[in-house]
Amino acid sequence: MAVVVLEGAKPLDVGIPAQVFATRASMPYSVEVCGVNPGLISGSDGLSYHVEHGLDALDDVDLIFLPGYQRPNVEPPPEALLEALRVAHARGARIAAISTGAFALAATGLLNGRRATTHWHYSRILAEQFPEVRVDERVLFVDEGSVLTSAGAASGIDLCLHILRQEAGMAAANHAARRLVAAPYRSGGQAQYVPQSVPEPHGERFTRTREWVLGRLSEPLSIEALAENAVVSPRTFARRFRDETGYTPMQWVMRARVDRARELLEESDLGVDEISAEVGLGTATNLRRYFRRVLGTTPSEYRRAFSRDSERTSDDHLG
Numbered sequence: 028m029a030v031v032v033l034e035g036a037k038p039l040d041v042g043i044p045a046q047v048f049a050t051r052a053s054m055p056y057s058v059e060v061c062g063v064n065p066g067l068i069s070g071s072d073g074l075s076y077h078v079e080h081g082l083d084a085l086d087d088v089d090l091i092f093l094p095g096y097q098r099p100n101v102e103p104p105p106e107a108l109l110e111a112l113r114v115a116h117a118r119g120a121r122i123a124a125i126s127t128g129a130f131a132l133a134a135t136g137l138l139n140g141r142r143a144t145t146h147w148h149y150s151r152i153l154a155e156q157f158p159e160v161r162v163d164e165r166v167l168f169v170d171e172g173s174v175l176t177s178a179g180a181a182s183g184i185d186l187c188l189h190i191l192r193q194e195a196g197m198a199a200a201n202h203a204a205r206r207l208v209a210a211p212y213r214s215g216g217q218a219q220y221v222p223q224s225v226p227e228p229h230g231e232r233f234t235r236t237r238e239w240v241l242g243r244l245s246e247p248l249s250i251e252a253l254a255e256n257a258v259v260s261p262r263t264f265a266r267r268f269r270d271e272t273g274y275t276p277m278q279w280v281m282r283a284r285v286d287r288a289r290e291l292l293e294e295s296d297l298g299v300d301e302i303s304a305e306v307g308l309g310t311a312t313n314l315r316r317y318f319r320r321v322l323g324t325t326p327s328e329y330r331r332a333f334s335r336d337s338e339r340t341s342d343d344h345l346g
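Following the working numbering, the numbering of the sequence shown begins with 28 at its first residue and continues without gaps.
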């Protein structure tokens, strides 16, 4: 994958994908940092970047990140970059923009007719400058398949982990989240900011309740039990939990169960019946149904794609 540094690039926006996908034994990626031309690039916040590669670095990468940059609505990106992005997209590369990087991606025309987001401060400007793009200012990130966009820097982490889950599996994404000390899962549909009326002096309000749930996925769980753990009423819990995560409580529980099942399929020899019981979905039929609904695939196909041991992929073993 490649990170393209533009004039005025924001340090966090450059650093997040470079660090999440860092070249290391635990990651199936190699990372190139490039510019329109090699050499020194002036960034924002008093920082500059010295990049070794120009746009030729995009010739054979599978994933391209466009970090946010200053004054995106004042001067269009160089045409050489826009054409390189169009060529890379045409041969199958995915392109992901963080924050105001969405302006560079929109300038290629690849977002026309598609949903996209950017930092809330620039969302109206993006919509006015590119009227063919369906700008959604409410969400953390948008996945349109071959083109992806995210809001501010922190949501860039969410987008990176989302891509990792898709391409490298749950174990790699969770490993990266632990390395970054980041939340392993936030919905792209979550609001960019929580209403001020929700008091939260110490980070996300229901973090402890979510951790409590993750330790009890094999048990029956209800919204009443979750609310009791959070010491609020079920109605208040449901409303504030959705503000915080982008999911209803029981949608989140179901997704957590599927994600745990994904990890077990990747890293254990357990059959589908055993995994279903372990994650609280009851039967293999339930697990297959939820896998199809959430991931569009089956447990056996998922294990075949992401298991570290190809011998675990036989349908007979899965039952």
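Even glycine gets a Cβ: it sits at the ideal position worked out from N, Cα and C. All figures in this text were calculated on a predicted structure; none of them were measured in a lab.
How far does the alpha helix (DSSP H) with residue i in it reach, from first residue to last?
{"i": "E59", "result": "Segment E59 to C61 is the beta strand (DSSP E) holding E59; no alpha helix (DSSP H) there."}
{"i": "D40", "result": "P38 to V47"}
{"i": "F233", "result": "Looking at the DSSP string, F233 is not in any alpha helix (DSSP H), and its letter there is neither H nor E."}
{"i": "L137", "result": "No alpha helix (DSSP H) holds L137; DSSP gives it neither H nor E."}
{"i": "V321", "result": "A311 to L322"}
{"i": "R330", "result": "P326 to F333"}
In whole angstroms, give me the CA-to-CA distance for residue i and residue j.
{"i": "F268", "j": "G242", "result": "18 angstroms"}
{"i": "R98", "j": "H80", "result": "24 angstroms"}
{"i": "S334", "j": "P103", "result": "44 angstroms"}
{"i": "Y56", "j": "L112", "result": "19 angstroms"}
{"i": "A124", "j": "A180", "result": "11 angstroms"}
{"i": "V60", "j": "E246", "result": "46 angstroms"}
{"i": "G196", "j": "D40", "result": "23 angstroms"}
{"i": "H229", "j": "D270", "result": "Because the pLDDT of H229 is 33, which lies under 50, any placement of that residue in the model is unreliable, and the number read from its coordinates should be weighed accordingly. H229 and D270: Cα-Cα distance of roughly 16 angstroms."}
{"i": "E155", "j": "I190", "result": "29 angstroms"}
{"i": "T324", "j": "F318", "result": "6 angstroms"}
{"i": "R287", "j": "L188", "result": "15 angstroms"}
{"i": "A332", "j": "R151", "result": "40 angstroms"}
{"i": "S182", "j": "S295", "result": "31 angstroms"}
{"i": "T310", "j": "A45", "result": "40 angstroms"}
{"i": "S186", "j": "V259", "result": "Per the sequence shown, the amino acid found at residue 186 is Leu instead of Ser. If you take the alpha carbons of L186 and V259, they lie about 31 angstroms apart."}
{"i": "F157", "j": "E305", "result": "48 angstroms"}
If you drop the 5 nearest sequence neighbours on each side, which residues of the same chain put their C-beta closer than 6 angstroms to that of residue i?
{"i": "I139", "result": "First, the amino acid is wrong: residue 139 is Asn here, not Ile. Cβ within range, chain order: E159."}
{"i": "I184", "result": "I43 and A209"}
{"i": "H148", "result": "none"}
{"i": "R141", "result": "E171"}
{"i": "E164", "result": "W147 and S150"}
{"i": "L297", "result": "L291"}
In chain order, what residues of the same chain have a beta carbon less than 7 angstroms from the beta carbon of residue i, not counting five sequence neighbours either side?
{"i": "G216", "result": "Model confidence at G216 stands at a pLDDT of 47, short of 50, so the residue's coordinates are unreliable; what they give is reported in the following sentence. Only V166 and G273 meet the Cβ criterion."}
{"i": "H116", "result": "I122, L137 and S173"}
{"i": "V280", "result": "V240 and L248"}
{"i": "P21", "result": "Missing from the structure shown is residue 21; the chain here goes from 28 to 346 and no further."}
{"i": "N256", "result": "T236 and W239"}
{"i": "P261", "result": "I250, E251 and A254"}
{"i": "S75", "result": "L67, I68 and S69"}
Might you give, ordered along the chain, the residues of its own chain that have their beta carbon closer than 8 angstroms to the beta carbon of residue i, omitting 5 neighbours on each side?
{"i": "A107", "result": "V63 and L82"}
{"i": "H77", "result": "G66, L67 and I68"}
{"i": "D72", "result": "K37 and P38"}
{"i": "L132", "result": "L93, L112, I122, A124, L138, A143, V174 and T176"}
Please state whether the Cβ-Cβ distance between residue i and residue j is less than 8 angstroms.
{"i": "R282", "j": "Y329", "result": "no"}
{"i": "A129", "j": "L153", "result": "yes"}
{"i": "S327", "j": "N313", "result": "no"}
{"i": "A49", "j": "V88", "result": "no"}
{"i": "F168", "j": "T145", "result": "no"}
{"i": "L90", "j": "A120", "result": "yes"}
{"i": "V32", "j": "P94", "result": "yes"}
{"i": "V299", "j": "V321", "result": "no"}
{"i": "E293", "j": "A198", "result": "yes"}
{"i": "G307", "j": "L244", "result": "yes"}
Strictly under 8 angstroms for the Cβ-Cβ distance: is residue i near chain C by that measure?
{"i": "P55", "result": "Of the protein chains in this structure there is only one, and it is not chain C."}
Within the continuous beta strand (DSSP E) that includes residue i, where are the two ends?
{"i": "H77", "result": "S75 to V78"}
{"i": "R151", "result": "Per DSSP, R151 belongs to no beta strand (DSSP E); it is in the alpha helix (DSSP H), S150 to Q156."}
{"i": "G183", "result": "It is not in any beta strand (DSSP E) - G183 instead sits in the alpha helix (DSSP H) that spans A180 to A195."}
{"i": "A254", "result": "Here A254 belongs to no beta strand (DSSP E); instead the alpha helix (DSSP H) covers I250 to A257."}
{"i": "A124", "result": "R121 to I125"}
Nearest by alpha-carbon distance to residue i: which of the options is it?
{"i": "D86", "options": "V114, R192, A311 and H189", "result": "V114"}
{"i": "A203", "options": "E34, V47 and L291", "result": "V47"}
{"i": "T127", "options": "Y96, R151, V101 and F157", "result": "Y96"}
{"i": "G35", "options": "N100, N201, A84 and S53", "result": "N100"}
{"i": "S53", "options": "R161, V258, F157 and R205", "result": "R205"}
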